[in-house]
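Trainee: Sharing a structure below in C-alpha cells format, with a few things to ask.
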Amino acid sequence: MTVTMKKKDVVLIGFGWTGAILGQELTEAGLDVLALERGEMRDTPTDARYPQVIDELAYSIRGKLYQDLSRETVTVRHGVDDLAVPYRQHGSFLLGNGVGGAGLHWNGMHYRVLPEELQLRTRYEQRYGRNFIPEGMTIRDFPVTYDELEPFFTRFEYVCGTSGKAGNLDGRKIEGGNPFEGPRSKDYPTPPLHNGYGADLVWKGAVEAGFHPYYAPAANCSTPYTNPYGVRLGPCNFCGFCENYACYMYSKASPQTTILPVLLRKPNFELRPRSQVLKINLDSTGKKATGVTYVDAKGREIFQPADLVIVTAYQMHNVRLLLLSGIGKPYNPKTGEGVVGMNYAYQAMGGVEVLLPSGTRLNPFIGTGAGGVSVDDVNGDQFDHGPLGFVGGASVRHVRLGGRPIQMTPTVPGTPKWGSAWKSAVKDTYQRELHIDLSGSVAAYQDVYLDLDPTYRDAYGQPLLRLTYNWHDNEARLMHHVGDRISEIAKAMNAEKYWVTNRVTPGAKYDVRFYQSTHTTGGAIMGADPRTSVVNRYLQSWDVPNVFVMGASAFPQNMGYNPTGLVGALAYWSAKAIREQYLKNPGPLVQA
Amino acid sequence: MSITQPDRRGFLRTLVSAGPAAALAVGAAPAVGDAVETPEAPGPAYAPRYFTAAEWRFLQAAADILIPADDNGPGGATVGIPEFIDGQMEMPYGHGKLWFMGGPFHPEVEPELGYQLNLVPRDIYRLGIGNFDAWCAKTHGKPFADLAAAEQIAAMHELESGRIVFADVPSATFFGFLLTNTKEGFFADPIYGGNKGMASWKMIGFPGVRADYMDWIDRPNAAYPYGPVSISGERA
C-alpha cells in the first residue's frame, strides 16, 4: 500500500552537487524543499575519519563510496543489434552513491569550458565547412553561450574555494594562467596549489616544447577560505588520498564542505536518505508531474506530492528515471526518432608515461586531487583541425594524485608481472615514473545511446539502463595526434624513456574492465528544439514543464575538460531561471 | 582496530610525543603512546577461516613464488598474503556481494564487456586451486606446494599463459584473481592481514598513513626521511 506524504513545493531526486546547489538556491527563494537520496547519509567526520580514511583497499579497491552494483547497475553492448550484458564490477566508470554523490569522492578538477565548445557544430561548419563533420556524428551547439554562463562559472568556483590562476581576466592575458581560456570576470578565489617536483619538470618540458602550461584549476583549497555561504574550507596538505576518498582536511570541495553545513540547518529544507525514487508521477494529461514515488529505508512505497520535481541524480540515473517515468519520447537509433537517451558520450583517455633518470626522487606519495600543470594547446578548437581531419581535442595535465601502492606502482612495459624481477622493477620505478594524462573529447553519434534493458532488472524489479557504446575512428585519430604532440613534452624532459598509453586506438573496442573516466554525458540533452533535445536552455523538460533535469546528461557531446565546472554552472544558471522566471509564472520558459 | 583517536591531531600527537620528528627518521626507538603497539610479537599460528588445509598449503607456496623473498624484502607467505586472501573470502568481496550477480549469465560475450561468470571469489579459489593442483599432480606427480621451486615457477608461468584448460573455471581467470589479490595483500594496510611489518611500504618508500606533506611539496628531488605508519599505529 502506498503511503502519501504531505506535499512539498519542490522535490529533488538525488543529493550530490546539483541537488545541494538547487536545494540551497530554492530554499533561499523561500520554497519548502525535500531532497530524496537513495544512498546513506555521509559526512566528513564519519566517512573521512583519519587515519581510517587512509585505506586504499577499502576506498579505492573495494569502493567504499561507490554505488552498490549488487542492487543496481547498467548493461553494456557495443552495437545496436548486440546482446547487452551487465556491468557486474566497477571498471570503466565509478558511479557514486550516498549524500554528496560522486561530488564527495571526485578529484576536484575544476575546469570551465572553452567558449567554442558550446557552439561546436557552428564553429566547425564555419571554420572547416559543412562536409567536415562525418556522417553519423551528431554534435550540436549548446543552447547557451560562454558569456551567458560566465557569472555562474564564477559563482561555483567561489562556492568551492577553487585554487588556480586566471589566464584571461576580462580580456587581459596573464602569465601563468591559461592563455586559451574564455575571459573571466574574477580570478580564482584561492591561489594555485604549489607544484611538486614532477609538475615542475612537466612545466619546464612543456615550455621548451612550445606549449603553454598553466596551473591546473583545483577545487582543492590552497589557503584557509570562507565561501559566500559562510562555510570554511582548509588548505590541502597534499595527503595523496583524494579521488575515491572523502577529504579529511576539509580542503576538497564537496557538497559536505561547501553547502550542506548551511542547507541542512534550514527549517524549509528536509533530506531523506535511503529513499529510492522509482518514478516521477504524471497527471492524466502526461504534461504535468504530480510528485514522485519512492521506497523508503523500511521498504514502504511512498508517494511524495510536489509542485516542482528536479532531477538531480547522476547523468545515467537522470536518463533512466525519465525513461522509467515516460517523460519524453525514447530515442530509436534506427529511425532517428525520439530524444531521451540520444547523444550519450564519454571521454577518450590516454597518457604519456615518462620514466625519469635513475636517482630522481619524485616522492610520488605527495599528491593532490587536481593541482598540477595543464596545457590546452591541443584542446577544443585551439589548433587547426583542417589538415588533421578529426573533430575534437584533449585536455592534458600532470597531476600527481599520490603514490598509493596497490594502484600506483607502475612498471615499464615488458616487465614480468610477478617474481623478484617485478619486485625490483616496482622499487626502481616508484620514485621516477610520472604520467601525463590525456583526456580526449568524444563526439556524439547516431549509434550511441541509452535505453532500458529488456532483460536485466534492479533490486526493485525495474529495468536497468542499457548503454550502447563503442569507439569511433574520429576519436582514435584524435588520440593518436594528441599522443604524438604530448610526447614532445616528454622528449623535452630528458626522460630515460617515454611511451604513449592510449585506450582508444584504431579498431579497439570499448573495454569496461579498465578504469577510464566517470565523465559520462548526454541522454537528456539541452537544445533549442524539442524535436532534437530533451530539455530547453534552462534544463526544463520540453514535455513536462514542472520537471527540470540537471547534470551532465544535458551535454549534447563531451569535451576534453572535466565536466563538474560546467555541471555546477548550469545548475546555478537553471536555478536563477527557476527563481526569477518560473516561480512568477510556472510553465514553459521557452516556447516550443 | 585498536586505535580510537577521534582525529588526525590526536593520532599524530601520540606518534611524535617522544621527540622531534627528525628523530623518527633515523630509526630511533618508537615513541611511547597509546596508539603504538609493540610490533611483531609472534602470536599463535593463523588458522584459516575459509581455506582447507590443502588449499592453505597452495596459497603459502604460491605467495612465495609470486612475491619471493629476496634482497628487496621478505616473501609473500612471510608478509601474510595467505592470511589476507583468507580474510577477504569472509568479506562481502569474497561472497561476490560487491558485484551485480543477477542472471542470465553470458560468459561467451567478448572479453571487453567484463566479468560475466556465475562465480564469486570464494568459488574461483576453491575450483581454481583444486583444478591447478590436479593439473600439477597429473603433469609433475605432486600438488603445487610439493614441487621444487623451479617446477613451481614453470607451473605458474603455464597458469599465467592461459594455456592450461581447467574443468571448472578458466585458468587465466583464476590466475588473475590470485595475482591481483596477492598484490593487494602485499600493498594494503597491515590491518587486513598482509604487508606484515609494512614490508612493501619500506621497500618502495611509501609513508603509509602519514598523509600530510604540506612541508614537503616545496622540496624538489629531496629524500623523504620518515618511515611508514599504519592505520593501527605501527611504525617501521
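Chains as they are written, first to last, in my numbering: chain Z, 1 to 592; chain A, 1001 to 1236.
Ideal placement from N, C-alpha and C gives every residue a C-beta, glycine not left out.
None of these values were measured; they are calculated from a predicted model.
Would A:Ala1021 count as contacting chain Z if we go by Cβ distances under 7 Å?
Mentor: Because A:Ala1021 sits at a pLDDT of 36, beneath the cut-off of 50, its placement in the model cannot be relied upon, and the following sentence gives the value as read from the coordinates. It does not: the Cβ of A:Ala1021 has no partner Cβ on chain Z nearer than 7 Å.
Trainee: Tell me where the beta strand (DSSP E) around Z:Ile436 begins and ends.
Mentor: First-last of the beta strand (DSSP E) with Z:Ile436: Glu433 to Gly440.
Trainee: Might you give, ordered along the chain, the residues of its own chain that have their beta carbon closer than 8 Å to the beta carbon of Z:Asn474, omitting 5 neighbours on each side?
Mentor: Excluding sequence neighbours, Z:Asn474 sits near Pro134, Met137, Phe390, Val391, Gly392 and Ala443.
Trainee: Closest Cβ-Cβ distance between A:Ile1217 and chain Z: below 7 Å?
Mentor: Closer than 7 Å to some Cβ of chain Z, the Cβ of A:Ile1217 qualifies, so yes.
Trainee: Would you say Z:Lys346 reaches chain A, if we count a Cβ-Cβ gap shorter than 7 Å as a contact?
Mentor: The sequence given here places Tyr at residue 346 of chain Z; Lys does not occur at that position. So, not an interface residue.
Trainee: Taking the straight line between their C-alpha atoms, what separation do you get for Z:Tyr331 and Z:Asp428?
Mentor: Going from the Cα of Z:Tyr331 to the Cα of Z:Asp428 covers about 52 Å.
Trainee: Would a C-beta distance cut-off of 7 Å place A:Gly1087 and A:Gly1193 closer than the cut-off?
Mentor: Yes.
Trainee: Can you find the residues in the same chain that come closer than 6 Å, C-beta to C-beta, to Z:Thr627, ignoring five residues on each side of it along the sequence?
Mentor: An answer regarding residue 627 of chain Z cannot be provided, because it is not within the stretch 1 to 592 covered by chain Z.
Trainee: Count Cβ pairs between the region 330-345 of chain Z and the region 418-437 of chain Z that sit closer than 8 Å; are there 3 or more?
Mentor: At 8 Å Cβ cutoff, the stretches do not touch.
Trainee: Please classify A:Ala1149 as buried or exposed, where buried requires at least 16 neighbouring CB atoms within 10 angstroms.
Mentor: By the neighbour-count rule (16 or more Cβ atoms within 10 Å), A:Ala1149 is not buried but exposed.
Trainee: Going by C-alpha distance, which of Z:Val504, Z:Glu301 and Z:Asp484 is nearest Z:Thr2?
Mentor: Comparing Cα-Cα distances from Z:Thr2 to each of Z:Val504, Z:Glu301 and Z:Asp484, the minimum goes to Z:Glu301.
Trainee: With DSSP as the reference, identify every bridge partner of A:Asp1070, one or two as the case may be.
Mentor: A:Gly1073, per the DSSP bridge assignment.
Trainee: Tell me, please, which residues DSSP counts as bridged to Z:Phe15.
Mentor: The partner list for Z:Phe15 (beta bridge, DSSP) is empty, contrary to what the question assumes.
Trainee: Residues in the same chain with beta-carbon distance under 6 Å from Z:Ala166, minus the five sequence neighbours each way, listed in chain order, please.
Mentor: Here the set comprises Ile174, Gly177, Arg184 and Asp187.
Trainee: Determine the burial state of Z:Asp594: buried for a count of at least 16 other Cβ atoms within 10 Å of its Cβ, exposed for fewer.
Mentor: With chain Z covering 1 to 592 only, the question about residue 594 of chain Z has no answer from this structure.
Trainee: Identify which residue in Z:Val207, Z:Met316, Z:Asp437 and Z:Ala524 has its Cα closest to the Cα of Z:Gly328.
Mentor: Selected option, being the one with the closest Cα: Z:Ala524.
Trainee: So, helix, strand or coil for Z:Asn546, using DSSP?
Mentor: Note: Z:Asn546 maps to coil in three-state DSSP.
Trainee: Do Z:Val11 and Z:Gly593 come within 7 Å of each other at the CB atom, strictly closer than that value?
Mentor: No information on residue 593 of chain Z is available, as it lies outside the stretch 1 to 592 that chain Z covers here.
Trainee: Consider the Cβ of Z:His194: report whether some Cβ of chain A lies at a distance smaller than 7 Å.
Mentor: Taking Cβ atoms only, chain A reaches closer than 7 Å to Z:His194, which makes this a yes.
Trainee: Using Cβ-Cβ distances below 7 Å, what residues of the region 7-20 of chain Z are close to chain A?
Mentor: For the region 7-20 of chain Z, which is checked against every Cβ of chain A, not one residue is closer than 7 Å.
Trainee: Use the C-beta contact count for A:Val1165: other C-beta atoms within 10 angstroms, 16 or more gives buried, fewer gives exposed.
Mentor: It counts as exposed.
Trainee: Give the interface partners of Z:Glu56 over in chain A, defined as CB-CB distance under 7 Å, in chain order.
Mentor: Within chain A, the residues near Z:Glu56 are Ala1188.
Trainee: Give me the Cβ distance between Z:Gly198 and Z:Leu434, rounded to the nearest whole Å; I'm assuming they're in contact under 8 Å.
Mentor: That belief holds up - the Cβ atoms of Z:Gly198 and Z:Leu434 are roughly 5 Å apart, short of 8 Å.
Trainee: Using beta carbons (cut-off 7 Å, strictly below), is Z:Gln276 in contact with chain A?
Mentor: Output row for Z:Gln276: interface = no.
Trainee: Between A:Gln1152 and chain Z, is there a C-beta pair that is closer than 7 Å?
Mentor: A:Gln1152 does not count as touching chain Z.
Trainee: Using 10 angstroms around the beta-carbon of A:Ala1029, count the other beta-carbons present and answer buried if the total reaches 16, otherwise exposed.
Mentor: Residue placement at A:Ala1029 is flagged as unreliable, the pLDDT there being 36, under the threshold of 50; a coordinate-derived value is accordingly withheld.
Trainee: Where Z:Thr46 and Z:Ile489 are concerned, what is the direct C-alpha to C-alpha distance, given to the nearest angstrom?
Mentor: Using only the alpha carbons, I get a separation of about 42 Å.
Trainee: What separation, rounded to the nearest whole angstrom, lies between the Cα atoms of Z:Lys334 and Z:Tyr445?
Mentor: Looking at the two C-alpha atoms, the distance is approximately 12 Å.
Trainee: Within 10 angstroms of the Cβ of Z:Arg537, are there 16 or more other Cβ atoms? Answer buried if so, exposed if not.
Mentor: Counting Cβ neighbours within 10 Å, Z:Arg537 comes out buried, since at least 16 surround it.
Trainee: Only counting the same chain, and skipping five residues up and downstream in sequence, which positions put a Cβ closer than 8 Å to that of A:Trp1099?
Mentor: Within the same chain, A:Trp1099 has close Cβ partners Tyr1115 and Val1120.
Trainee: Taking DSSP's pairing of strands, which residues face Z:Lys252 in a bridge?
Mentor: DSSP output for Z:Lys252 lists Z:Asn220 as bridge partner(s).
Trainee: Name the residues in the region 1100-1132 of chain A whose C-beta lies less than 8 Å from a C-beta of chain Z; which are they?
Mentor: Per Cβ criterion, the list reads Phe1100, Met1101, Gly1102, Pro1104, His1106, Val1109, Glu1110, Pro1111, Glu1112, Leu1113, Gly1114, Tyr1115 and Gln1116.
Trainee: Taking 7 Å as the threshold (C-beta atoms), are Z:Gly108 and Z:Ala246 in contact?
Mentor: Cβ atoms of Z:Ala246 and Z:Gly108: not closer than 7 Å.
Trainee: Thinking A:Ala1188 and A:Phe1084 are a contact (beta carbons under 8 Å), I'd like their distance in whole angstroms, please.
Mentor: Right, the Cβ-Cβ distance comes to about 7 Å (below 8 Å), so this counts as a contact.
Trainee: Taking Cβ-Cβ distances shorter than 9 Å, what residues in chain A pair up with Z:Trp471?
Mentor: The premise fails here: Z:Trp471 is roughly 10 Å from chain A at the closest Cβ pair, so nothing lies under 9 Å.
Trainee: Along chain Z, in chain order, which residues have C-beta atoms closer than 8 Å to that of A:Glu1227?
Mentor: Reading off the sequence shown, one finds Gly at residue 1227 of chain A, where the question assumed Glu. Under the 8 Å cutoff, chain Z gives no residues; its nearest Cβ is about 13 Å from A:Gly1227.
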